[in-house]
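Numbering (our numbering), first residue to last: -19 to 277.
Here it is, written out as structure tokens:
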């Protein structure tokens, strides 16, 4: 008599720090004696994994996928066949159990910071406003250049305020993003003896702190060092930095599908893609994408 017991299990494996390690049984079966076990592992492409160069199979049914890449994501199925021997009659029965593991490549989210500051100015149409903004970008970039960070998506707007019992006040609202991927960041990652993503996030954190200190010093100088306040000057306590996440191309966040790692950047499913550093995998209008981690439709 052949007995089929289909057990479907979700597993979440890593791509960036460890190679996936899967065991061909559930917790209950691992606590029992297994007689004459035989294991058959099938990969996401439907092929038998025995003999494949990128896997390591043990005689106890353990599977390790070596050099795991985004394209290796998908369903890994193991069929365990073993015997059950009746104690009284010594009758043998063969039992077949199937275990399905969903393996997804993931990365930790890359960190960046959206910075906002304000400066007072004499008037919004002042030609010096744009010149000042360009100089400010150069200074900030220079402060963080040794960290292989730079500012992107920078802009400013001028607004006028009518305050009670006072005249008009004009302010420049400056915003920019502190990004850890300035030219040369790849070479820096290759030099660190630990995880590149951790190093990248540490660098952008330090860059944000340096920029904050730069604006704090401006506030101090205005109060203690300037006898005449400059036409364009920093508004005290206007500095703010908002933490934002980004994912590498081919990855995105999905707190519904991957609740156990909602903050992770998980490889895009077949039929979806991510061409940039956004945190969302887009649905492909032409369903030609049949692989994990697609960067184009």
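Glycine included, C-beta positions come from ideal geometry on N, C-alpha and C. As the structure is a computational prediction, the values presented were derived from the model and not from experiment.
Which word fits residue 68, buried or exposed, when buried means at least 16 other C-beta atoms lie within 10 angstroms of its C-beta? Residue 68 is exposed by the Cβ-count criterion.
Beta-bridge pairing of residue 59 - partner residues as DSSP gives them: Looking at the DSSP assignment, residue 59 forms a beta bridge with 20, 78.
Assuming residue 245 and residue 86 make a contact with CB atoms under 8 Å, what is their CB distance in whole Å? 6 Å
Can residue 98 and residue 153 be called in contact, C-beta distance under 8 Å? yes
Can you tell me which of the three DSSP states residue 272 falls into? coil
Close beta carbons around residue 186, own chain, < 7 Å, minus the five adjacent residues each side: For residue 186, where only same-chain residues beyond five positions count, the Cβ hits under 7 Å are 127.
At which residues does the beta strand (DSSP E) containing residue 92 begin and terminate? 90 to 101
Residues of its chain near residue 91, where Cβ-Cβ distance is below 6 Å and the 5 sequence neighbours each way are ignored: Excluding sequence neighbours, residue 91 sits near 181, 184.
If we call anything under 8 Å between Cβ atoms a contact, is residue 123 one with residue 228? Cβ atoms of residue 123 and residue 228: not closer than 8 Å.
For residue 164, which residues from the same chain have a beta carbon less than 7 Å from its beta carbon, with the 5 sequence-adjacent residues on both sides left out? Non-local beta-carbon contacts of residue 164 in its own chain, meaning distances under 7 Å to residues more than five positions away in sequence, involve 128 in chain order.
Is the segment 54 to 61 close to the segment 20 to 35, with three or more CB pairs under 8 Å? yes
Residue from 40, 105, 253 whose Cα sits closest to the Cα of residue 272: 253
Under the three-state DSSP convention, the category residue 48 falls into: In this structure, residue 48 counts as coil in the three-state DSSP scheme.
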